[in-house]
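Student: This is the structure I have questions about; it appears just below.
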Amino acid sequence: MLVRWSAARDLSVCAQVFGTGTGDHGEPLPGLLRERWLLAAEDGRLVLHPWLRRLLLWELAADEEMWRDSHARLAAHFRTGRERPAELTPGKDMELEEMYHRLALGETEPVAALLARRFTERGSEDFIRDLDLVTSAPNRLDKAVPPLRLLDSLTTGSDTPAMSPEAVIRRLVVARWIWSDPLSDPGRRLNAVIAGNYDHLAAMRSSGIVPLYDEAVRYRQWRDE
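Numbering follows our numbering, with no gaps: position 9 of the sequence shown is 262.
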(Lines of atoms letter the chains of each structure in order from A and count residues from 1; the text may use other names and numbers.)
(Lines give C-alpha, C1' and ligand atoms only; values in the text may rest on other atoms or scores of the structure.)
Protein backbone atom coordinates (compact mmCIF):
# COMPACT_ATOMS: atom_id res chain seq x y z
CA MET A 1 0.00 0.00 0.00
CA LEU A 2 2.79 2.43 0.85
CA VAL A 3 4.50 1.74 -2.45
CA ARG A 4 1.31 2.81 -4.25
CA TRP A 5 0.90 5.82 -1.96
CA SER A 6 4.33 7.07 -3.01
CA ALA A 7 2.91 7.92 -6.46
CA ALA A 8 0.78 10.70 -4.94
CA ARG A 9 1.92 14.23 -4.22
CA ASP A 10 -0.71 14.59 -1.49
CA LEU A 11 -1.60 11.80 0.94
CA SER A 12 -5.11 13.20 1.32
CA VAL A 13 -6.08 11.54 -1.96
CA CYS A 14 -4.51 8.16 -1.23
CA ALA A 15 -7.42 6.73 0.75
CA GLN A 16 -9.85 7.87 -1.95
CA VAL A 17 -7.87 6.26 -4.76
CA PHE A 18 -6.15 3.25 -3.18
CA GLY A 19 -8.08 2.67 0.04
CA THR A 20 -6.83 2.85 3.61
CA GLY A 21 -3.94 0.69 4.65
CA THR A 22 -3.29 -0.84 8.06
CA GLY A 23 -0.31 -2.24 9.90
CA ASP A 24 0.16 -5.78 11.18
CA HIS A 25 -2.20 -5.18 14.11
CA GLY A 26 -4.83 -3.19 12.23
CA GLU A 27 -3.45 0.28 13.00
CA PRO A 28 -4.16 2.86 10.27
CA LEU A 29 -1.06 3.55 8.17
CA PRO A 30 -1.19 7.36 8.55
CA GLY A 31 -1.03 6.95 12.34
CA LEU A 32 1.90 4.55 12.10
CA LEU A 33 3.74 6.92 9.78
CA ARG A 34 3.08 9.88 12.07
CA GLU A 35 4.35 7.97 15.14
CA ARG A 36 7.59 7.23 13.29
CA TRP A 37 8.05 10.82 12.06
CA LEU A 38 7.67 9.68 8.45
CA LEU A 39 5.16 12.34 7.43
CA ALA A 40 5.87 15.95 6.52
CA ALA A 41 3.91 19.07 5.62
CA GLU A 42 4.76 20.73 2.32
CA ASP A 43 2.87 23.72 0.88
CA GLY A 44 -0.19 22.81 2.92
CA ARG A 45 -0.08 19.14 1.83
CA LEU A 46 0.53 16.09 3.95
CA VAL A 47 3.31 14.10 2.27
CA LEU A 48 5.58 11.16 2.92
CA HIS A 49 9.04 12.01 4.22
CA PRO A 50 11.09 12.80 1.06
CA TRP A 51 13.63 10.01 1.64
CA LEU A 52 10.94 7.44 2.37
CA ARG A 53 9.05 8.48 -0.74
CA ARG A 54 12.18 8.21 -2.89
CA LEU A 55 12.83 4.67 -1.68
CA LEU A 56 9.20 3.67 -2.23
CA LEU A 57 9.15 5.25 -5.70
CA TRP A 58 12.26 3.24 -6.56
CA GLU A 59 10.36 0.09 -5.62
CA LEU A 60 7.27 1.24 -7.53
CA ALA A 61 9.38 1.92 -10.63
CA ALA A 62 10.62 -1.67 -10.55
CA ASP A 63 7.06 -2.86 -11.23
CA GLU A 64 5.92 -1.28 -14.50
CA GLU A 65 2.36 -2.57 -14.22
CA MET A 66 1.92 -1.17 -10.70
CA TRP A 67 3.55 2.12 -11.73
CA ARG A 68 1.21 2.56 -14.68
CA ASP A 69 -1.86 1.51 -12.74
CA SER A 70 -1.10 3.80 -9.77
CA HIS A 71 -0.42 6.93 -11.82
CA ALA A 72 -3.32 6.22 -14.20
CA ARG A 73 -5.72 5.95 -11.28
CA LEU A 74 -4.43 9.17 -9.76
CA ALA A 75 -4.70 10.98 -13.11
CA ALA A 76 -8.28 9.73 -13.49
CA HIS A 77 -9.08 10.91 -9.95
CA PHE A 78 -7.99 14.46 -10.75
CA ARG A 79 -9.63 14.38 -14.18
CA THR A 80 -13.01 13.60 -12.64
CA GLY A 81 -12.19 16.04 -9.83
CA ARG A 82 -12.38 18.91 -12.31
CA GLU A 83 -16.14 18.33 -12.35
CA ARG A 84 -16.47 18.85 -8.59
CA PRO A 85 -17.34 22.25 -7.07
CA ALA A 86 -14.24 24.31 -6.28
CA GLU A 87 -15.14 24.48 -2.57
CA LEU A 88 -14.68 20.71 -2.33
CA THR A 89 -11.12 20.90 -3.65
CA PRO A 90 -9.73 24.17 -2.26
CA GLY A 91 -6.31 25.22 -3.50
CA LYS A 92 -5.95 22.36 -5.98
CA ASP A 93 -5.31 22.88 -9.66
CA MET A 94 -6.94 19.63 -10.76
CA GLU A 95 -5.81 19.93 -14.38
CA LEU A 96 -2.19 20.41 -13.38
CA GLU A 97 -2.39 17.58 -10.83
CA GLU A 98 -3.68 15.29 -13.57
CA MET A 99 -0.83 16.29 -15.87
CA TYR A 100 1.70 15.55 -13.12
CA HIS A 101 0.62 11.91 -13.22
CA ARG A 102 0.33 11.80 -16.99
CA LEU A 103 3.92 12.99 -17.25
CA ALA A 104 4.91 10.21 -14.83
CA LEU A 105 3.35 7.88 -17.40
CA GLY A 106 5.55 9.40 -20.11
CA GLU A 107 2.73 11.35 -21.80
CA THR A 108 4.76 14.44 -22.64
CA GLU A 109 2.52 15.77 -25.45
CA PRO A 110 -0.62 16.66 -23.41
CA VAL A 111 1.52 18.13 -20.64
CA ALA A 112 3.40 20.36 -23.08
CA ALA A 113 0.13 21.36 -24.78
CA LEU A 114 -1.39 22.47 -21.47
CA LEU A 115 1.67 24.50 -20.51
CA ALA A 116 1.87 26.06 -23.98
CA ARG A 117 -1.72 27.23 -23.58
CA ARG A 118 -1.02 28.59 -20.12
CA PHE A 119 2.08 30.37 -21.40
CA THR A 120 -0.17 32.52 -23.63
CA GLU A 121 -2.96 32.93 -21.06
CA ARG A 122 -1.07 33.59 -17.83
CA GLY A 123 1.82 35.61 -16.49
CA SER A 124 5.39 34.34 -16.59
CA GLU A 125 5.61 33.70 -12.85
CA ASP A 126 2.47 31.54 -12.94
CA PHE A 127 3.84 29.66 -15.94
CA ILE A 128 7.14 28.94 -14.17
CA ARG A 129 5.32 27.76 -11.05
CA ASP A 130 3.08 25.45 -13.11
CA LEU A 131 6.05 24.08 -15.03
CA ASP A 132 8.03 23.38 -11.86
CA LEU A 133 5.11 21.54 -10.29
CA VAL A 134 4.27 19.28 -13.20
CA THR A 135 7.89 18.47 -14.10
CA SER A 136 8.62 17.35 -10.55
CA ALA A 137 6.77 14.15 -11.51
CA PRO A 138 8.76 10.94 -10.94
CA ASN A 139 9.94 8.85 -13.87
CA ARG A 140 10.95 5.33 -14.91
CA LEU A 141 13.54 6.53 -17.41
CA ASP A 142 16.64 4.44 -18.00
CA LYS A 143 19.26 5.89 -15.65
CA ALA A 144 22.04 4.39 -17.77
CA VAL A 145 21.18 6.64 -20.74
CA PRO A 146 22.93 10.06 -20.71
CA PRO A 147 20.50 12.94 -20.08
CA LEU A 148 21.09 14.68 -23.42
CA ARG A 149 20.41 11.46 -25.28
CA LEU A 150 17.26 10.93 -23.22
CA LEU A 151 16.13 14.44 -24.09
CA ASP A 152 16.75 13.82 -27.79
CA SER A 153 14.85 10.53 -27.78
CA LEU A 154 11.84 12.07 -26.02
CA THR A 155 11.54 15.21 -28.15
CA THR A 156 12.02 13.92 -31.70
CA GLY A 157 9.21 13.20 -34.11
CA SER A 158 7.20 16.42 -33.78
CA ASP A 159 6.07 18.39 -36.85
CA THR A 160 5.92 21.64 -34.86
CA PRO A 161 8.47 24.27 -36.00
CA ALA A 162 11.53 24.01 -33.76
CA MET A 163 11.41 27.61 -32.55
CA SER A 164 7.66 27.84 -31.96
CA PRO A 165 6.46 28.33 -28.35
CA GLU A 166 4.93 24.84 -28.43
CA ALA A 167 8.19 23.16 -29.44
CA VAL A 168 10.32 25.17 -27.00
CA ILE A 169 7.95 24.40 -24.13
CA ARG A 170 7.93 20.71 -25.04
CA ARG A 171 11.74 20.63 -24.88
CA LEU A 172 11.65 22.56 -21.63
CA VAL A 173 9.10 20.18 -20.09
CA VAL A 174 11.11 17.09 -21.00
CA ALA A 175 14.46 18.62 -20.02
CA ARG A 176 13.27 19.73 -16.61
CA TRP A 177 11.46 16.43 -16.00
CA ILE A 178 14.74 14.57 -16.56
CA TRP A 179 16.69 17.18 -14.57
CA SER A 180 14.30 16.96 -11.60
CA ASP A 181 15.52 13.45 -10.85
CA PRO A 182 19.16 13.68 -9.67
CA LEU A 183 19.72 10.08 -10.78
CA SER A 184 18.68 10.94 -14.35
CA ASP A 185 20.98 13.97 -14.60
CA PRO A 186 23.57 13.71 -11.81
CA GLY A 187 26.02 16.00 -13.60
CA ARG A 188 23.39 18.69 -14.25
CA ARG A 189 24.11 18.54 -17.97
CA LEU A 190 20.64 19.94 -18.69
CA ASN A 191 21.12 23.22 -16.83
CA ALA A 192 22.25 24.97 -20.01
CA VAL A 193 19.42 23.41 -22.04
CA ILE A 194 16.78 24.60 -19.59
CA ALA A 195 18.33 28.07 -19.41
CA GLY A 196 18.47 28.34 -23.20
CA ASN A 197 14.81 27.41 -23.56
CA TYR A 198 13.83 30.05 -21.00
CA ASP A 199 15.81 32.59 -23.06
CA HIS A 200 13.86 31.54 -26.16
CA LEU A 201 10.52 31.91 -24.35
CA ALA A 202 11.46 35.36 -23.07
CA ALA A 203 12.27 36.44 -26.62
CA MET A 204 8.78 35.34 -27.70
CA ARG A 205 6.92 37.52 -25.18
CA SER A 206 6.13 41.19 -25.49
CA SER A 207 5.85 41.63 -21.72
CA GLY A 208 6.62 39.76 -18.54
CA ILE A 209 10.05 38.71 -19.75
CA VAL A 210 12.03 39.41 -16.55
CA PRO A 211 10.96 36.25 -14.64
CA LEU A 212 11.87 34.14 -17.66
CA TYR A 213 15.32 35.68 -18.04
CA ASP A 214 15.84 35.44 -14.26
CA GLU A 215 14.98 31.74 -14.41
CA ALA A 216 17.51 31.26 -17.22
CA VAL A 217 20.20 32.89 -15.07
CA ARG A 218 19.20 30.75 -12.09
CA TYR A 219 19.83 27.54 -14.02
CA ARG A 220 23.11 28.79 -15.48
CA GLN A 221 24.34 29.58 -12.00
CA TRP A 222 22.79 26.52 -10.36
CA ARG A 223 24.61 25.03 -7.40
CA ASP A 224 23.29 21.90 -5.72
CA GLU A 225 23.02 22.26 -1.96
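For each residue, glycine too, the CB sits at the ideal point set by N, CA and C.
Give the C-beta separation of L483 and S323 to the nearest angstrom, bearing in mind that I take them to be a contact with Cβ-Cβ under 8 Å.
Tutor: Shown here, the chain extends from 254 to 478; a query on residue 483 therefore has no answer.
Student: Using alpha carbons as the reference points, say which of A325, L454, T373 and D346 lies closest to V387.
Tutor: Among A325, L454, T373 and D346, the Cα nearest to that of V387 is on D346.
Student: Could you compute how far the alpha carbon of L485 sits from the alpha carbon of S406?
Tutor: Past the edges of the chain, shown from 254 to 478, lies residue 485, and the structure says nothing about it.
Student: Tell me whether R298 sits in a helix, a strand or coil according to DSSP, three-state version.
Tutor: Strand.
Student: Do L309 and S259 have their C-beta atoms within less than 8 Å of each other?
Tutor: It is a contact, given that the beta carbons lie within the stated cut-off.
Student: Is E340 helix, strand or coil when you go by DSSP?
Tutor: Below a pLDDT of 50, predicted positions are generally treated as unreliable, and E340, at 45, falls in that range; no measurement from the model is reported.
Student: Taking the beta carbon of V463 as the centre, do at least 16 other beta carbons fall within 10 Å, making it buried, or is it exposed?
Tutor: Result: exposed.
Student: Judging by CA-CA distance, which residue of T413, N444, L327 and G272 is the nearest neighbour of M254?
Tutor: If we check each option's Cα against that of M254, G272 comes out closest.
Student: Three or more C-beta pairs closer than 8 Å, one from the segment 327-334 and one from the segment 363-370: is that the case here?
Tutor: In short, these stretches do not touch, since the Cβ pair count stays below three.
Student: Determine the direct distance from the alpha carbon of R287 to that of G461, and round the result to whole angstroms.
Tutor: So the alpha carbons of these two residues sit roughly 43 Å apart.
Student: If we count the other Cβ atoms within 10 Å of its Cβ and call it buried at 16 or more, is P391 buried or exposed?
Tutor: With 16 or more Cβ atoms within 10 Å of its Cβ, P391 is classed as buried.
Student: Looking only at its chain, what residues have a beta carbon closer than 6 Å to the beta carbon of R326, apart from the 5 residues adjacent to it on each side?
Tutor: For R326, where only same-chain residues beyond five positions count, the Cβ hits under 6 Å are V270.
Student: Just the Cα atoms here: how many angstroms apart are E340 and G440?
Tutor: Because E340 sits at a pLDDT of 45, beneath the cut-off of 50, its placement in the model cannot be relied upon, and the point is left open.
Student: Does the distance from the C-beta atom of L313 to that of W320 stay below 8 Å?
Tutor: Yes.
Student: Nearest to L480 by CA position, among T373, G297 and W430, is which residue?
Tutor: Not covered by the structure: residue 480. The range shown for the chain is 254 to 478.
Student: Nearest to P283 by alpha carbon, out of L264, R298, A294 and D296?
Tutor: Selected option, being the one with the closest Cα: L264.
Student: So, is the C-beta of S433 closer than 8 Å to a C-beta in chain B?
Tutor: Looking at the structure shown, chain B is missing, and only one protein chain is on hand.
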